[in-house]
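Asker: The structure that follows is given in the form of structure tokens.
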Amino acid sequence: MTAVSTQLSFFDTRKGLFSWIFSVDHKRIALLYLYSLITFFLVGVTLGLLMRYELLNPGKDLVEAKTYNQIFTLHGVIMIFLFIIPSIPAVFGNFFLPIMLGTDDVSFPKLNLLSWWVYIVGALMALSTLVFGDGPADTGWTFYAPYSVKTGTNVTMSVLAAFVLGFSSILTGLNFIVTIHRLRTPGMTFLKMPLFAWALYATSWIQLLATPIIGITLLMITAERVLGVGLFDPSIGGDPILYQHLFWIYSHPAVYIMALPAFGVISEMLPTFSQRTIFGYKAIAFSSLAIAFVGYFIWGHHMFTSGMSGTARFIFSMLTFLVAIPTAIKVFNWVATLYKGSINVQPPLLYTLAFIFQFMIGGFTGLVLGALATDIHLHDTYFVVGHFHYVMFGGTGFAFFGALHYWYPKIWGRMYNITMANIAFVIFFIGFNMLYFPMLIVGLMGMPRRYYDYLPEFHLPNMISTYGSWVLATGLILMLANLAAGFFKKGPKVGRNPWNGITLEWQTLSPPPVQNFDRMPEIPLNGPYDFENKPAIKE
Amino acid sequence: MRASASTFAQGVDFSLYVIVGISVFFLIGITIVMLYFVFRYNKKRNPVATNIEGSHKLEVIWTAIPTLLVMVMFYFGWMGYKPLRKAPDGALEVKAYGQMWKFSFEYPDGRITDSLVVPLGKPVKVNLVSRDVLHSFFIPAFRMKEDMVPGKDNFLWFEATEKGRFDILCAEYCGQLHSYMLSSVTVVEDAQYEQWLASTAGTSNEHPGLALLKQNACLTCHSQDGSKIIGPSFKGVFGKTEIVVTDGVEREIVIDEAYISRSIKQPNADVVKGYMKGLMVSYEAVLTDEQIASITDYIKTLQ
Amino acid sequence: MEKHDKQSDHAPVHISSYRDHWSTLVTLLLLTVVTVVISVFGANLAALSVATALLIATVKVIVVAYYFMHLKYDKKLYTWLVLLVAILFLAFTVLTAIEYFNR
Amino acid sequence: MEHLSGFVLPNSGHNRDDEASKMGMWLFLFTELLLFGGLFIVYMVYRMLNHEAFLLSSFELNVTLGTINTVVLLVSSMTIAMAITAIQKGDKKTSVRLLLTTLGLSLVFLVIKYFEWSAKIHHGLFPGMDFYNNLPKGEALFFFLYFIMTGLHALHIIIGAVLIGVVVHRTRQNKVNQEKYALTENAGLYWHLVDLIWIYLFPLFYLIH
Ligand code: HEA
Ligand code: HEA
Ligand code: CUA
Ligand SMILES: [Cu+2]
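Chains as they are written, first to last, in this note's numbering: chain A, 78 to 616; chain B, 7 to 309; chain C, 3 to 105; chain D, 92 to 300.
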């Protein structure tokens with residue numbers, strides 16, 4: 078081997094702002110995404126805290142009704158389109174997919190950079206409504222017609238922003254599919270690919286094939302607002318329900334855009350911290366495809382009370398229950414992976430366990446919503462709000478933070494303070510459940526969502542929930558402060574493989590050099606998690 | 007959970023218990039197994055891991071069991087729901103109107119009320135009509151909900167099993183005062199209901215114009231005391247000089263009978279400066295010219 | 003630095019002849035004539051007309067994709083993917099149609 | 092790029108990979124198909140709900156012009172397919188000529204479309220115009236869809252034409268040649284897609300009868 082230490086990391090090859098924002102290196106683009114994502118996430122979270130503050134007591138606490146409505150819309154738009162849909166693919170997918178496949182970049186590096194720029198433009202458009210026009214939209218992130226056509230707030234800009242962000246998502250998906258088909262290192266067949274790559278593959282197909290539908294739907298809303306007449310207007314024979322169909326044809330598959338990459342991350346962390354192969358590799362890999370596929374056909378479960386035909390309600394409810402099966406397969410295989418492992422309890426594993434627990438709660442509440450009788454009662458109540466925060470934040474959000482703790486030493490070449498990370502995790506976990514569990518209760522009691530004010534009998538759970546949001550915020554600040562240390566070049570340096578992982582990214586330097594590898598990566602003999610034949614990794 | 011006061015409540019609650027029961031069982035079971043593994047196979051206790059690739063038998067088992075269970079859940083969900091869509095013949099039919107941000111009800115005899123009064127133990131079919139945007143008619147105590155969709159006739163029906171007053175909430179986001187779009191349903195004995203039906207509505211001696219304003223939910227947006235809610239206040243509005251925007255051009259007008267009538271029939275033709283277009287819907291099909299005259303009459307008195 | 007030229011990583015490229023293209027065009031034009039004739043003069047086929055029109059259009063699309071777009075000579079993967087997309091779209095329409103038919 | 096440690100990764104995202112660009116193009120076409128797919132769903136539903144009105148309105152459209160445009164697009168599809176054959180055979184001159192023919196046909200299509208549109212707009216059928224606003228239920232929807240769908244299609248024609256222009260330029264510069272013609276192929280794929288969509292639009296709007 079040549080002198081390894083002379084290899085410059087991707088951080089050090091070129092300096093200056095322009096070397097970042099015009100870089101076509103997938104690792105730099107990933108970090109661009111990370112920083113911009115966190116910024117928008119912090120805006121979204123602040124809005125969330127404001128909402129909780131407003132809901133502390135019945136009546137007005139902080140803002141007017143209209144402002145509240147704009148806050149939850151912007152909160153939803155930011156969290157969905159700016160944070161959770163891009164989150165894991167755009168940050169960890171971009172950074173690690175090429176490395177895990179043993180190549181030096183994605184298939185279309187320039188397109189990759191373009192997708193970040195498009196993302197930024199879309200994000201700025203979404204946030205510009207705070208300053209320009211008649212204020213942010215007040216429609217909810219679903220932009221249901223006809224209210225979204227009638228309201229005087231700046232819906233047009235918000236909708237166009239979502240349209241532009243869709244493009245960014247499509248470009249990322251397209252890039253990943255081609256990369257996975259074309260750039261796997263020799264010997265790495267599809268069935269020897271790490272599960273994270275499988276998850277991204279399934280996700281990318283959803284991004285590619287579902288996003289265009291919402292694109293055109295949102296353009297129709299724009300046309301309606303601009304021309305003053307439109308396709309969803311009943312007075313000319315249109316049907317507002319059709320809007321909902323088109324919206325959910327995208328937006329239900331989109332929830333699996335949020336969930337599948339998280340499943341992938343979990344499937345990476347479990348073998349590493351159990352030091353054994355994953356249980357049921359093929360079952361996990363193919364269940365991702367199954368979820369992606371079935372997920373296309375169940376959008377109607379968001380519309381059970383819209384006056385849809387009984388036949389459709391029947392079919393959509395039945396199909397909804399089918400997605401639970403591949404998810405169940407995953408959960409069981411994950412738990413079985415812990416069996417007879419040699420388990421090393423580290424912060425990423427804590428996030429993994431919390432993920433499984435919370436995602437189950439989220440998933441099971443999803444089943445309650447998927448059943449017709451119960452959804453009639455629970456639709457558009459806080460039960461739904463509880464459900465989706467459990468899956469999105471308790472699931473994907475926790476996977477995101479887990480992934481950040483897991484790959485952190487690889488990205489920055491340094492380790493954070495583990496004790497601190499554990500403390501932050503515990504506070505985070507308690508705060509999370511304190512914030513969202515009461516929402517399930519208050520939903521069962523019948524409190525509708527998107528309510529600025531509520532009846533006195535809903536007071537107690539709302540109060541607990543608001544206090545929970547403060548606990549959660551504390552945990553989060555601790556966590557971020559701990560992680561920020563490495564960013565500022567504090568914390569001990571680590572070698573190539575601090576967690577004793579097996580996928581290819583652990584064979585290279587931390588942080589990786591520009592072309593990702595300083596020596597030829599070796600793939601394990603029997604599949605990606607074959608710890609018995611793990612290639613020796615010399616520093 | 008709230009009182010369960012309709013014939014469906016039982017079916018809905020039962021399917022809820024089935025699903026939650028199965029779920030809690032798996033949630034607790036899986037969590038305990040998971041934590042046990044983490045404890046038992048901790049690297050202190052189990053320094054060397056055993057590689058187990060998987061097991062076909064287990065995969066089949068844990069595909070089959072959830073499949074079975076979700077079909078059970080689906081079945082109960084469907085059974086609990088089925089009666090909701092079939093209103094029995096001869097049910098008492100009431101029309102419910104939703105508009106920004108008020109429910110109103112029209113009984114077969116033409117009486118219009120703000121809240122619902124129904125007889126105990128009799129099926130009631132509510133036909134749902136929206137005058138502007140989406141709303142949803144939600145009675146938590148009855149476990150009932152259905153959207154009000156402009157241009158589409160939806161309905162729901164129920165049979166109350168308990169006397170008392172229950173909340174009606176709007177469960178589909180419909181704009182600024184969505185959370186204040188409340189009403190109630192009062193369930194009374196048959197005899198009381200007959201009595202209520204017989205009592206003549208509107209015995210109060212209020213101005214007929216005011217009655218109309220209340221009835222049509224004008225007052226959710228327009229105050230009578232000068233304060234600004236969603237629309238301009240009615241106080242002192244008659245005879246006032248005002249700036250309106252017509253087709254994007256500002257102009258000054260003096261408010262007279264014709265203007266008020268136009269504002270009610272085509273609210274978006276002239277939009278008062280500083281207010282949003284599109285919020286107020288046309289009442290052309292709802293109010294007759296006489297009624298508008300009566301409203302105008304009343305507005306004149308608010309000086 | 004050597005570059006890996008991937009153009010030739012599968013069998014030698016198939017080059018369609020000009021004649022093939024002409025015959026494809028003639029097929030397509032014939033199908034177009036058939037649709038127009040059916041719709042304009044075959045009024046008594048009314049109920050069938052949407053179905054036939056879409057059927058013929060689909061045949062045309064397959065011809066274009068197969069020959070002009072070279073699917074026939076490309077890796078089978080592309081054909082599968084096109085089918086996947088077609089099935090997906092069909093499922094969207096069928097599910098939506100079921101909803102509206104049973105209103 | 093420097094390789095300090097003296098080895099080269101076998102697969103690199105920076106290598107030329109024509110198969111990858113073709114795959115990328117196909118994936119992009121899928122998104123385009125589903126973009127129009129959304130509109131086709133809208134069309135289907137509204138035709139189901141407003142059957143008679145759609146039938147009536149379709150008589151407003153000019154079948155002859157529609158048919159001519161269909162033929163124009165089909166022929167242009169052939170010429171661009173031939174342009175690929177030509178470049179594969181190394182015949183750059185013919186390739187450029189065929190591309191220019193395609194470009195010409197795209198202009199013919201647009202000109203015809205322009206006349207069709209202006210006739211409709213002249214009748215006040217464009218959404219928001221007075222006549223349009225007084226159309227009966229359903230008919231208004233038909234014309235709204237007509238303008239949105241053919242408009243979006245025309246936009247794609249324009250984009251395709253620009254793309255073909257780029258190919259012509261690149262071929263003349265010899266950046267596209269017998270060894271390296273992925274760009275021509277991709278432009279061809281895109282152009283065929285535009286054709287495919289029209290193949291459905293034509294019977295759905297013009298031939299309801
Ligand atoms: C990450 C995002 C995500 C994920 C993964 C899911 C997953 C699921 N969701 Fe959720 N959902 C949302 C995000 C998500 N959802 C959002 C954002 C909304 C609201 C949108 C809005 O209106 O604003 C929503 C709303 C929503 C509704 C509409 C509610 C309403 O408005 O009335 C429904 C109804 O069916 C539903 C169902 C489901 C189901 C059945 C799953 C399933 O995939 C869950 C499957 C998982 C499990 C079942 C648990 C794990 C399995 C086991 C532990 C094995 C044992 C299992 C058995 C024995 C069965 N969701
Ligand atoms: C991923 C998605 C996501 C996340 C993370 C959150 C986070 C939060 N949400 Fe949620 N929420 C949605 C998605 C999300 N939300 C959506 C889609 C809706 C529906 C909107 C609609 O109806 O249209 C909604 C609606 C919604 C409502 C219902 C509004 C209503 O119906 O009236 C409420 C009410 O309390 C709420 C509260 C919160 C709170 C308090 C937080 C959090 O702020 C909790 C506090 C969390 C923290 C304090 C953590 C801070 C984190 C950082 C600082 C992290 C730094 C980042 C990195 C390292 C990357 N949200
Ligand atoms: Cu009416 Cu919400
Ligand atoms: Cu869903």
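Using N, Cα and C, we set each Cβ at its ideal position, and we do this for glycine too.
Is it buried or exposed for Thr388 of chain A, if we count other Cβ within 10 angstroms and need 16 for buried?
Answerer: By the neighbour-count rule (16 or more Cβ atoms within 10 Å), Thr388 of chain A is not buried but exposed.
Asker: Using the three-state DSSP reduction, which class does Arg117 of chain B fall into: helix, strand or coil?
Answerer: Reduced to three states, the DSSP call for Arg117 of chain B is coil.
Asker: For ligand 4, any of its heavy atoms closer than 6 angstroms to the Cβ of His329 of chain A?
Answerer: Yes, ligand 4 has a heavy atom inside 6 angstroms of this Cβ.
Asker: With 9 angstroms as the C-beta to C-beta threshold (strictly closer), list the residues of the region 120-132 of chain D near chain A in chain order.
Answerer: Within the region 120-132 of chain D, the residues whose Cβ lies closer than 9 angstroms to some Cβ of chain A are Phe121, Thr122, Glu123, Leu124, Leu125, Leu126, Phe127, Gly128, Gly129, Leu130 and Ile132, listed in chain order.
Asker: Of the residues D:Lys113, D:Glu123 and D:Asn153, which one's Cα is nearest the Cα of Phe296 of chain D?
Answerer: Phe296 of chain D has its Cα closest to that of D:Asn153, out of D:Lys113, D:Glu123 and D:Asn153.
Asker: Could you pull out every residue in the same chain whose Cβ sits closer than 6 angstroms to the Cβ of Ala222 of chain A, ignoring the five residues on either side in sequence?
Answerer: Same-chain partners within the cutoff: Phe309, Pro317 and Tyr320.
Asker: Exposed or buried, Thr275 of chain D, counting other C-beta atoms within 10 Å across all chains shown (16 or more means buried)?
Answerer: It is buried - the Cβ of Thr275 of chain D has at least 16 other Cβ atoms within 10 Å.
Asker: Would you check whether ligand 5 has a heavy atom nearer than 6 angstroms to the C-beta of Met335 of chain A?
Answerer: The model depicted lacks ligand 5 and carries ligand 1, ligand 2, ligand 3 and ligand 4 instead.
Asker: Beta-carbon within less than 7 angstroms of Asp607 of chain A's beta-carbon, same chain only, minus the 5 sequence neighbours each way: which residues are those?
Answerer: These residues qualify, in order along the chain: Thr354 and Pro601.
Asker: Would you report the Cα separation of Gly443 of chain A and Tyr23 of chain B, rounded to the nearest angstrom?
Answerer: Their Cα atoms are separated by approximately 14 angstroms.
Asker: Let's see if you can read the secondary structure: which residues bound the beta strand (DSSP E) around Lys101 of chain B?
Answerer: Segment Leu98 to Gln105, the beta strand (DSSP E) holding Lys101 of chain B.
Asker: Output yes if chain B places a C-beta closer than 7 angstroms to the C-beta of Asn421 of chain A; else output no.
Answerer: For Asn421 of chain A, the answer is yes, since a Cβ of chain B falls inside 7 angstroms of its Cβ.
Asker: Could you work out which residues of chain B lie near Gln284 of chain A, taking near to mean beta carbons separated by less than 8 angstroms?
Answerer: In chain order: nothing, as chain B lies at least about 27 angstroms away.
Asker: Using a Cβ cut-off of 7 angstroms (strictly closer), state whether Tyr237 of chain D contacts chain C.
Answerer: With 7 angstroms as the cut-off, Tyr237 of chain D does not count as an interface residue toward chain C.
Asker: Where Ala217 of chain B and Val140 of chain A are concerned, what is the direct C-alpha to C-alpha distance, given to the nearest angstrom?
Answerer: Whole-angstrom Cα-Cα distance: 32 angstroms.
Asker: Among D:Val253, D:Ala231, D:Thr192 and D:Tyr291, which residue has its Cα nearest to the Cα of Ala144 of chain D?
Answerer: If we check each option's Cα against that of Ala144 of chain D, D:Ala231 comes out closest.
Asker: Select from the region 184-210 of chain A all residues with a C-beta closer than 7 angstroms to any C-beta belonging to chain D, and list them in chain order.
Answerer: Hits within the stretch, in order: Ser184, Phe185 and Pro186.
Asker: To which residues does DSSP link Arg268 of chain B through a beta bridge?
Answerer: According to DSSP, Arg268 of chain B bridges with nothing at all.
Asker: Could you tell me which of A:Thr206, A:Ala501 and A:Phe594 sits nearest to Ile614 of chain A, measuring between CA atoms?
Answerer: It is A:Phe594 whose Cα lies nearest to the Cα of Ile614 of chain A.
Asker: Under 6 angstroms: does the beta carbon of His456 of chain A sit that close to some heavy atom of ligand 3?
Answerer: The answer is no for His456 of chain A.
Asker: Grab me the residues of Lys126 of chain A's own chain with a C-beta within less than 7 angstroms of its C-beta, minus the 5 sequence neighbours each way, in chain order.
Answerer: One detail in the question is off: residue 126 of chain A reads as Leu in this sequence, not Lys. Excluding residues within five positions, the ones whose Cβ falls inside 7 angstroms are Ser546 and Ala550.
Asker: Which class does Ser82 of chain A belong to by DSSP, given the choice of helix, strand or coil?
Answerer: Any reading at Ser82 of chain A must be qualified, since the residue scores a pLDDT of 47, below 50, and its modelled position is unreliable; no value is offered.
Asker: According to DSSP, simplified to helix, strand and coil, what is Lys271 of chain D?
Answerer: DSSP places Lys271 of chain D in strand when its eight states are reduced to three.
Asker: Can you tell me where the alpha helix (DSSP H) holding Asn252 of chain A begins and where it ends?
Answerer: Unbroken alpha helix (DSSP H) run through Asn252 of chain A: Val232 to Arg259.
Asker: Looking at the C-beta of His379 of chain A, does it have a partner C-beta in chain C at a distance below 7 angstroms?
Answerer: His379 of chain A does not count as touching chain C.
Asker: Using a beta-carbon distance cut-off of less than 8 angstroms, what residues from the region 83-96 of chain C approach chain A?
Answerer: Within the region 83-96 of chain C, the qualifying residues are Val87, Leu90, Ala93 and Phe94.
Asker: Please check the pair Pro129 of chain B and Leu98 of chain B, which I expect to be a contact at CB under 8 angstroms, by giving their CB distance rounded to whole angstroms.
Answerer: Rounded, the Cβ-Cβ distance is 7 angstroms, consistent with contact.
Asker: Within a Cβ cutoff of 8 angstroms, which residues of the same chain sit near Leu292 of chain D, ignoring the five residues on either side of it in sequence?
Answerer: For Leu292 of chain D, where only same-chain residues beyond five positions count, the Cβ hits under 8 angstroms are Met240, Thr241 and His244.
Asker: Quick one: which residues of the region 317-338 of chain A get their C-beta closer than 7 angstroms to a C-beta of chain C? List them in chain order.
Answerer: Those would be His322 and Ile326, in chain order.
Asker: Would you check whether ligand 2 has a heavy atom nearer than 6 angstroms to the C-beta of Val462 of chain A?
Answerer: At least one heavy atom of ligand 2 is nearer than 6 angstroms to the Cβ of Val462 of chain A, so yes.
Asker: Whole-angstrom Cβ separation of Ala107 of chain A and Val195 of chain A, contact assumed at under 8 angstroms?
Answerer: About 16 angstroms separates the two Cβ atoms, so there is no contact after all.
Asker: Which residue's Cα is closest to the Cα of Thr280 of chain A: A:Leu366, A:Pro612, A:Met524 and A:Trp583?
Answerer: Comparing Cα positions, the closest option is A:Leu366.
Asker: What residues of chain D sit near Thr34 of chain C, judged by a beta carbon separation below 9 angstroms?
Answerer: Within 9 angstroms Cβ-Cβ: Thr158, Thr161, Val162, Leu165, Ile290 and Phe293.
Asker: Name, in chain order, the residues that DSSP records as bridge partners for Ser142 of chain B.
Answerer: Paired residues: B:Asp153.
Asker: Let me check you understand the geometry: is the CB of Ile115 of chain A closer than 6 angstroms to at least one non-hydrogen atom of ligand 2?
Answerer: For ligand 2, at least one heavy atom lies less than 6 angstroms from the Cβ of Ile115 of chain A.
Asker: Using a 10 Å radius around the Cβ and a threshold of 16 neighbouring Cβ atoms, would you call Glu101 of chain C buried or exposed?
Answerer: The residue in question, Glu101 of chain C, is buried, as its Cβ has 16 or more Cβ neighbours within 10 Å.
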